[in-house]
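First comes the structure, then the notes that go with it.
Number of protein chains: 2
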Amino acid sequence: MNLLDAMNWRYAVKAFDPEKTVADEKIEHLLKVAHLAPTSMGQQPFVILWVKNPEVRKQLVPHSYGQEKVATSSHLLVFCAKTNLNDASVDAFMQHAASVSGQPVSTYDGFSGMVKGFLGMMTEEMKLGWASRQAYLAMGSLLTAAAIEQVDSCPMEGFMPSAYDEVLGLKEKNLTAICAISLGYRSADDATQHYPKIRLPYEAIIQTV
Amino acid sequence: MNLLDAMNWRYAVKAFDPEKTVADEKIEHLLKVAHLAPTSMGQQPFVILWVKNPEVRKQLVPHSYGQEKVATSSHLLVFCAKTNLNDASVDAFMQHAASVSGQPVSTYDGFSGMVKGFLGMMTEEMKLGWASRQAYLAMGSLLTAAAIEQVDSCPMEGFMPSAYDEVLGLKEKNLTAICAISLGYRSADDATQHYPKIRLPYEAIIQTV
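Protein chains in written order, with the numbering used here: chain A, 15 to 223; chain B, 15 to 223.
Right, dumping it as C-alpha cells:
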C-alpha cells in the first residue's frame with residue numbers, strides 16, 4: 015500500500031475491535047519512529063507515556079468525556095510536555111550530546127547558550143506551547159507510521175489534562191498531558207469507517223505565492 | 015529503505031545542493047500526505063504556502079537570521095495558522111462536509127455546535143496555539159513522507175513571523191506564519207550530515223506506567 019493509500023485508509027476510529035491486539039513490537043516500531051522525529055533545536059521537550067496498567071486506563075475514562083476506547087483499545091499512548099525546561103535540562107541535553115558524539119561538552123557551549131537564551135526569553139506558557147508543538151510533530155510521524163503499518167489510531171484532545179496529570183502522576187515527573195492516542199484495530203461495527211473522508215479542498219489548504 | 019532507516023537518514027540539512035532540484039510531482043506528493051493528516055475535529059486550521067516566487071524567497075532571507083537556504087533550497091513551504099477561526103469558518107466547513115457526504119447540512123448541526131462552542135471558549139491566542147499544533151502534526155506527516163521519498167528537509171522556526179506575514183501578504187489572507195520547511199537535496203559539502211544523530215535515550219522519551 016503506498017503512503018497516500020495508507021493515509022486515506024486511516025481514520026479516527028470510534029470503536030476498536032476488543033478482540034484484536036496490536037503486537038507490542040509494532041507499537042515499539044511506531045515509538046521508535048516518533049523518537050527519531052525532528053524537534054526544535056533537537057531538545058525533544060516531551061515524553062510519550064505508554065499506559066500499560068489496565069486499572070490506570072479505566073481511571074482515565076471519566077476524565078475523557080466517557081470515551082471507553084481510552085481503556086479498551088489495544089494500546090494507549092499519552093503525549094506529555096516537559097514542564098521543567100530550563101538551564102539544567104539544557105545542560106543535561108548537552109552532556110548527552112557530548113557522550114554521543116565523543117566530543118568534549120565545551121564543544122556545545124555556543125549551542126547551549128543559544129538554547130538557554132531561547133528558553134529564558136519564554137514564559138512557562140510559551141514553553142508549554144513550544145514543547146506541545148514539537149510533540150504534535152512527533153505525533154504526526156507516529157500516526158503516519160501507524161497508517162503504513164495498518165495499525166488503527168484515534169488521536170484525542172478531548173480530556174481533562176489536570177485530571178490526567180493526577181491519575182498518571184505526571185506532576186512529580188515534571189510533565190503535563192497534552193494529547194492521547196488510542197491504537198488498535200477498527201471494529202467491523204464502527205460505521206464511521208464507511209463515511210467519506212472529509213478534507214477541505216486541496217487548493218484551499220495548499221496555496222502558492 | 016524501511017521507515018526507521020529513512021528517519022535515521024534524514025537530518026536538518028544546513029546546506030542544500032544548489033544544482034539539484036526536487037521534481038514538483040514529488041513535492042505535490044508530500045503536500046497530499048500533509049493534506050490528509052488528521053486534525054482536531056477535522057478543521058484543518060492551517061494553510062501550507064508553497065513559495066514559488068524567487069524574489070519573494072530572497073526577501074525572506076533577512077527575516078530568517080540570514081539563512082540562505084530559505085532562498086536557495088529547491089523548494090520552500092511556509093506553514094501558516096488561520097487567524098479567522100470563528101462561527102463563519104465552521105459554517106463553511108460544515109457546508110463543505112455536506113457537499114462531500116451528500117447529506118443535508120443540518121446533519122452536522124450537533125457537530126457544528128460543538129466546534130463553535132470549543133472555538134468560542136478560546137482566546138485568539140489559544141486558537142493560534144491550537145491551530146499551530148494541528149499544523150505541526152501535518153508537518154510531522156510531511157517530513158516523514160519526505161524521508162521516505164529521500165527528499166531532504168530542514169524545518170525552521172528561526173524567523174520573524176510578523177516580517178514573513180508582511181512579505182507573504184498573509185494578514186490579508188487571515189493567516190500567520192508559524193514554521194518554514196526548506197526541501198531539496200543535501201550538499202556533499204554539508205559536514206553536518208556526517209555528525210552522529212543526537213537523540214535523548216529512547217527510555218528517557220518513551221516511558222511506561
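Just so you know, even glycine gets a beta-carbon here, dropped at the ideal spot from N, CA and C.
Quantities reported herein were computed from a predicted structural model and do not represent experimental measurements.
Inset, instruction - Return the first residue and the last residue of the beta strand (DSSP E) that S268(B) is part of. - result: Lying outside 15 to 223, the shown extent of chain B, residue 268(B) is not represented and no answer is given.
Legend entry - A51(A) versus V223(B) - alpha carbon distance: As a position in the first sequence, residue 51(A) is number 37, starting the count at 1. As a position in the second sequence, residue 223(B) is number 209, starting the count at 1. Cα-Cα distance, rounded: 23 Å.
Legend entry - Meets three-Cβ-pair contact criterion under 8 Å: the region 16-29 of chain B and the region 191-210 of chain A: no
Legend entry - 6 Å Cβ shell around D101(B) - same chain, five flanking residues per side excluded: Here residue 101(B) corresponds to residue number 87 of the second sequence, with the count starting at 1. Cβ neighbours of D101(B) beyond the five flanking positions: K130.
Legend entry - Given 8 Å, three or more beta-carbon pairs between the region 41-51 of chain A and the region 126-140 of chain A: no
Inset, instruction - Please check the pair I162(B) and A20(B), which I expect to be a contact at CB under 8 Å, by giving their CB distance rounded to whole angstroms. - result: Counting from 1 along the second sequence, the entry for residue 162(B) is found at position 148. Counting from 1 along the second sequence, the entry for residue 20(B) is found at position 6. Between A20(B) and I162(B) the Cβ distance is about 5 Å, and since that is below 8 Å, they are a contact.
Inset, instruction - Please confirm whether V84(A) and G198(A) have their CB atoms less than 7 Å apart. - result: Your numbering for residue 84(A) matches position 70 in the first sequence. Your numbering for residue 198(A) matches position 184 in the first sequence. Pairing V84(A) with G198(A) gives a Cβ-Cβ distance that is not under 7 Å.
Legend entry - Own chain residues within Cβ distance below 7 Å of N188(A), not counting five before or after: If you number the first sequence from 1, residue 188(A) lands on position 174. Hits under 7 Å: K96, T97 and N98.
Inset, instruction - Step through the CB atoms of chain A and report whether any lies within less than 7 Å of the CB of A37(B). - result: As a first step, residue 37(B) must be located in the second sequence, where it is residue number 23. No, no contact with chain A.
Inset, instruction - Buried or exposed for P68(B), please, with buried defined as at least 16 other CB atoms from any protein chain shown within 10 angstroms of its CB. - result: Along the second sequence, read from residue 1 onward, the residue named residue 68(B) stands at position 54. Classification of P68(B): exposed, given that the 10 Å Cβ count is below 16.
Inset, instruction - Rounded to whole angstroms, what's the CA-CA distance from H208(B) to G116(A)? Just pull it up for me. - result: Position 194 of the second sequence holds residue 208(B). Position 102 of the first sequence holds residue 116(A). Each residue's alpha carbon lies about 14 Å from the other.
Legend entry - Neighbour list for T158(A) in chain B, Cβ cutoff strictly below 8 Å: The residue labelled residue 158(A) in the question sits at position 144 within the first sequence. Neighbours of T158(A) across chain B, judged by C-beta separation under 8 Å: V47, A51, G154, S155, T158 and A159.
Legend entry - Contacts around K72(B), its chain only, beta-carbon distance under 6 Å, and the 5 residues preceding and following it disregarded: Taking the first residue of the second sequence as 1, we reach residue 72(B) at position 58. Correct list, in chain order: A85.
Legend entry - Closer than 7 Å at the beta carbon, the chain A residues around P76(B): Position 62 of the second sequence holds residue 76(B). Those within 7 Å of P76(B) in chain A number zero; the least Cβ separation is about 18 Å.
Inset, instruction - Measure from the C-beta of K66(B) to each C-beta in chain C and report whether the shortest distance is under 7 Å. - result: Here chain C cannot be found, since the structure's protein chains are A and B.
Inset, instruction - Let me know the secondary structure DSSP gives I162(A) once reduced to three states. - result: Here residue 162(A) is taken as the residue at index 148 of the first sequence, counted from 1. Helix, per DSSP.
Legend entry - Closer than 7 Å to chain B by CB, Q221(A): By 1-based counting over the first sequence, the position of residue 221(A) is 207. Yes, Q221(A) counts as interfacial toward chain B.
Inset, instruction - Starting from Q221(A), follow the beta strand (DSSP E) in both directions and report where the run begins and ends. - result: The count along the first sequence starts at 1 and reaches residue 221(A) at position 207. Taken as a continuous stretch (DSSP letters only), the beta strand (DSSP E) holding Q221(A) covers I220 to T222.
Legend entry - Proximity to D31(A) [Cα-Cα], best of S87(A), F173(A) and K46(A): For this step, residue 31(A) is matched to residue 17 along the first sequence. Ranking the options by Cα distance to D31(A), first place goes to S87(A).
Inset, instruction - Please confirm if S196(A) has its CB atom under 7 Å from at least one CB of chain B. - result: Taking the first sequence and counting its residues from 1, one reaches residue 196(A) at position 182. Judged by the 7 Å Cβ criterion, S196(A) is not in contact with chain B.
Inset, instruction - Starting from the beta carbon of P175(B), find every residue of chain A whose beta carbon is closer than 9 Å, and list them in chain order. - result: Here residue 175(B) refers to the residue found at position 161 when the second sequence is read from its first residue. Chain A residues near P175(B): none, gap ~13 Å exceeds 9 Å.
Legend entry - Pairwise C-alpha distance: V61(A) and A48(A): Taking the first sequence and counting its residues from 1, the one referred to as residue 48(A) is at position 34. Taking the first sequence and counting its residues from 1, the one referred to as residue 61(A) is at position 47. CA-CA distance, A48(A) to V61(A), rounds to 10 Å.
Legend entry - For A9(A), the first and last residue of its enclosing alpha helix (DSSP H): The question about residue 9(A) has no answer, for chain A in this structure spans 15 to 223.
Inset, instruction - With distances taken Cα to Cα, identify the nearest neighbour of D123(B) among D105(B), W64(B), T137(B) and S155(B). - result: Counting from 1 along the second sequence, the entry for residue 123(B) is found at position 109. Nearest option by C-alpha distance: D105(B).
Inset, instruction - Name, going along the chain, the residues of the region 70-99 of chain B whose beta-carbon falls closer than 7 Å to a beta-carbon of chain A. - result: V70
Inset, instruction - Count the other CB atoms, across all protein chains shown, that sit within 10 Å of the CB of S176(B); report buried if there are 16 or more and exposed otherwise. - result: Start at 1 with the first residue of the second sequence, and residue 176(B) comes out as number 162. That one is exposed.
Legend entry - Complete beta strand (DSSP E) runs within the region 27-68 of chain B (minimum length 3 residues, chain order): 60-64
Inset, instruction - Compare the Cα-Cα distances from Q221(B) to each of K46(A), N16(A) and Q148(A) and report the closest residue. - result: Taking the first residue of the second sequence as position 1, residue 221(B) is located at position 207. Out of K46(A), N16(A) and Q148(A), K46(A) has the C-alpha closest to the C-alpha of Q221(B).
Inset, instruction - Counting only the same chain and skipping the five closest in sequence on each side, list residues whose C-beta sits under 6 Å from that of P59(A). - result: For this step, residue 59(A) is matched to residue 45 along the first sequence. Closer than 6 Å at Cβ, skipping near neighbours: K96, L99, A145 and Q148.
Legend entry - Contacts that L18(A) makes with chain B (C-beta to C-beta distance below 8 Å): Residue numbering aside, residue 18(A) sits at position 4 when the first sequence is read from its first letter. Those are H43, K46, V47 and L50, listed as they occur along chain B.
Legend entry - Proximity test, Cβ basis, 7 Å: V104(A) and chain B: Walking along the first sequence from the start, residue 104(A) turns up at place 90. So, not an interface residue.
Legend entry - Neighbour-count burial assignment, G183(B), 16 or more Cβ in a 10 Å radius: Stepping through the second sequence from its first residue, residue 183(B) is reached at position 169. Exposed: under 16 other Cβ atoms inside 10 Å.
Legend entry - Short CB-CB distance (under 7 Å) between V61(B) and chain A: Counting from 1 along the second sequence, the entry for residue 61(B) is found at position 47. Answer yes: the Cβ-Cβ gap between V61(B) and chain A drops below 7 Å somewhere.
Inset, instruction - Quick one: residues in its chain with C-beta nearer than 8 Å to the C-beta of V75(A), no 5 flanking neighbours on either side, listed in chain order? - result: Sequence index remark: in the first sequence, residue 75(A) carries index 61 (1-based). Taken in chain order, the residues that qualify are Q81, E82, V84 and A85.
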